[in-house]
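The next block holds one structure in the form of structure tokens; read it before the comments.
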RNA sequence: GUAGUUGUAGCUCAGUUGGUUAGAGCGCUGGAUUGUGAUUCCAGAGGUCGCCGGUUCGAACCCGGUCUUCUACCCCA
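In the numbering used here, the protein residues as written are 150 to 601.
Spelled out as structure tokens, the structure:
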């Protein structure tokens, strides 16, 4: 059969894995520096854990795992007869692939609450799966790097997480814009416009402002049955770009005043520390509405510093007052962020921001010219390895031409050639593949040369 | 889920109105060169033309379906 992999998934070549590891390593170091501890959860969750947590769209994008055994025998007969796929799912699938790392984390916190001390700060770097149509920066299997803290309502964490965005992207050499909003502001907007019940519709529409302009937003609002009077009020909100200007607009809304106060506090904390990337308040920002209740974060590439990069958000996050409630644990507020590793990879590659150095790169390849010298080569390669030098031995005596070509393809900077003369004297020919020069060195000289 | 797009050698791609044996560059293998690569020269191998079906005397080419790629929408990392 012809080999293939599922839609939206990828294989990675060694060079790509090194680069991915560079991103994961950078994020992991930052997470640990800020006191987050690693956890892991299974790729599969019980489907009931996942369904209903990501909205209607999210449910459609969940990968369901077919039950083993004679699953049709136990299927819901009525749903089967009616060809009702949605009704059938519960009876033929009890598991699903995780859709993000936050919901499994909530489940984890509830299950392990006695083993954790709160506030509990955890990070996780694991793949998630979504049955979405693949596109640029969009895959069906992709990694997220999450840091969350649960068990404290303190807004210092909002600021801390903003700082985490800042240090990670600095480390990666990427200039970003960190956008900040608060879901309470969005609630106030809906309330002041007289349509608290249509907050979702309103936020989805205004989120598109940059893309479709104010007229486009109004058309969206029309489509969602928001009257013109309300649209005028919404337009006023959209014209605001500082918190102070915002104050009169939400003066009559309790939740609005609350949201504004929270944002101010967060910005005060942010100002008290050094953040090098731009952090902006953005009333349009409406992502992640499914369980967020307070702060909303989103990070995008700074187009002033990196013009022409077309990639949506590369990291995001927010606060959820009560994510664990649905799993039976009350009063457990949390706030967290997520780095989209795949998108960050694509951007770093496009901008050529990956470092050249590669810690896994082979330093030396030993090649032997005849069978009699293989033993010497095998001994030498292990001596080099004991000295901490990444090295390998060409497994058979072959034509030097062929072996050098192989070294070239593996991008090895040094080739150690062992012929009968070298084996006898213990002085090896060392060819520098970059410069093309060749010198003779004994074991000690070789080790000190290659370690530098 | 809606609309469009892509698929030909390992890779990047040509391929005429449907017509003999489907090509190129790069890569690969061997040789020129039995101890010197990435630059030279010569030779060679390598293809169910994504898959299934249809139209036709004849299909890489036309039609239908399907999978995949990329893109817009929806939504999102």
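Idealized CB from N, CA, C, for every residue including glycine. Quick caveat, the model's predicted, so the values are computed rather than measured.
Counted within 10 angstroms of its Cβ, other Cβ atoms place residue i as buried (16 or more) or exposed
{"i": "residue 488", "result": "buried"}
{"i": "residue 397", "result": "exposed"}
{"i": "residue 158", "result": "exposed"}
{"i": "residue 260", "result": "exposed"}
{"i": "residue 359", "result": "exposed"}
{"i": "residue 580", "result": "buried"}
{"i": "residue 408", "result": "buried"}
{"i": "residue 615", "result": "The structure shown does not extend to residue 615, since the chain is modelled only from 150 to 601, so the question has no answer here."}
{"i": "residue 412", "result": "buried"}
{"i": "residue 556", "result": "buried"}
{"i": "residue 289", "result": "buried"}
{"i": "residue 631", "result": "Residue 631 is absent from the model: the chain starts at 150 and stops at 601."}
{"i": "residue 184", "result": "exposed"}
Between the CA atoms of residue j and residue i - distance to the nearest angstrom
{"i": "residue 337", "j": "residue 490", "result": "34 Å"}
{"i": "residue 496", "j": "residue 467", "result": "23 Å"}
{"i": "residue 188", "j": "residue 150", "result": "39 Å"}
{"i": "residue 601", "j": "residue 485", "result": "42 Å"}
{"i": "residue 302", "j": "residue 235", "result": "38 Å"}
{"i": "residue 356", "j": "residue 383", "result": "12 Å"}
{"i": "residue 503", "j": "residue 322", "result": "9 Å"}
{"i": "residue 285", "j": "residue 291", "result": "13 Å"}
{"i": "residue 431", "j": "residue 265", "result": "35 Å"}
{"i": "residue 475", "j": "residue 439", "result": "13 Å"}
{"i": "residue 305", "j": "residue 319", "result": "21 Å"}
{"i": "residue 156", "j": "residue 281", "result": "10 Å"}
{"i": "residue 492", "j": "residue 455", "result": "15 Å"}
{"i": "residue 278", "j": "residue 509", "result": "29 Å"}
{"i": "residue 342", "j": "residue 429", "result": "24 Å"}
{"i": "residue 332", "j": "residue 214", "result": "34 Å"}
{"i": "residue 511", "j": "residue 190", "result": "34 Å"}
{"i": "residue 239", "j": "residue 252", "result": "19 Å"}
{"i": "residue 247", "j": "residue 275", "result": "10 Å"}
{"i": "residue 541", "j": "residue 169", "result": "24 Å"}
{"i": "residue 585", "j": "residue 593", "result": "22 Å"}
DSSP state of residue i mapped onto helix, strand, coil
{"i": "residue 297", "result": "strand"}
{"i": "residue 452", "result": "coil"}
{"i": "residue 372", "result": "helix"}
{"i": "residue 416", "result": "helix"}
{"i": "residue 219", "result": "coil"}
{"i": "residue 213", "result": "strand"}
{"i": "residue 597", "result": "helix"}
{"i": "residue 582", "result": "coil"}
{"i": "residue 540", "result": "strand"}
{"i": "residue 399", "result": "helix"}
{"i": "residue 231", "result": "coil"}
{"i": "residue 488", "result": "strand"}
{"i": "residue 130", "result": "This structure leaves residue 130 out entirely; the chain is present only between 150 and 601."}
{"i": "residue 193", "result": "strand"}
{"i": "residue 269", "result": "strand"}
{"i": "residue 323", "result": "coil"}
{"i": "residue 360", "result": "helix"}
{"i": "residue 432", "result": "coil"}
{"i": "residue 315", "result": "helix"}
{"i": "residue 245", "result": "strand"}
{"i": "residue 342", "result": "coil"}
{"i": "residue 186", "result": "strand"}
{"i": "residue 463", "result": "coil"}
{"i": "residue 513", "result": "strand"}
{"i": "residue 382", "result": "helix"}
{"i": "residue 291", "result": "strand"}
6 Å CB neighbourhood of residue i in its chain, flanking five on each side removed
{"i": "residue 269", "result": "299 and 300"}
{"i": "residue 308", "result": "415, 418 and 419"}
{"i": "residue 517", "result": "523, 526, 546 and 567"}
{"i": "residue 575", "result": "591"}
{"i": "residue 354", "result": "366, 369 and 370"}
{"i": "residue 267", "result": "300"}
{"i": "residue 404", "result": "333, 336 and 337"}
Nonlocal neighbours in the same chain, by C-beta distance under 7 Å from residue i, ignoring five residues either side
{"i": "residue 447", "result": "328, 434, 436, 462 and 465"}
{"i": "residue 499", "result": "458"}
{"i": "residue 380", "result": "367 and 370"}
{"i": "residue 571", "result": "577 and 578"}
Neighbourhood of residue i by C-beta, 8 Å cutoff - its chain only, sequence neighbours within 5 removed
{"i": "residue 152", "result": "none"}
{"i": "residue 237", "result": "224, 225, 228 and 229"}
{"i": "residue 391", "result": "430"}
request  = Decide if the stretch 517 to 532 is in contact with the stretch 473 to 489; the criterion is three or more beta carbon pairs, one per stretch, under 8 Å apart.
outcome  = Not touching, per the Cβ criterion.
request  = State whether the stretch 304 to 320 contacts the stretch 419 to 432, with contact taken as three or more CB pairs (one from each stretch) at a distance under 8 Å.
outcome  = yes
request  = Check whether the stretch 174 to 181 touches the stretch 194 to 211, counting contact only when three or more Cβ pairs, one atom from each stretch, lie closer than 8 Å.
outcome  = no
inquiry  = For the structure I just gave you, are there three or more beta carbon pairs, one from the stretch 343 to 354 and one from the stretch 369 to 378, closer than 8 Å?
reply    = Result yes; three or more Cβ-Cβ pairs closer than 8 Å.
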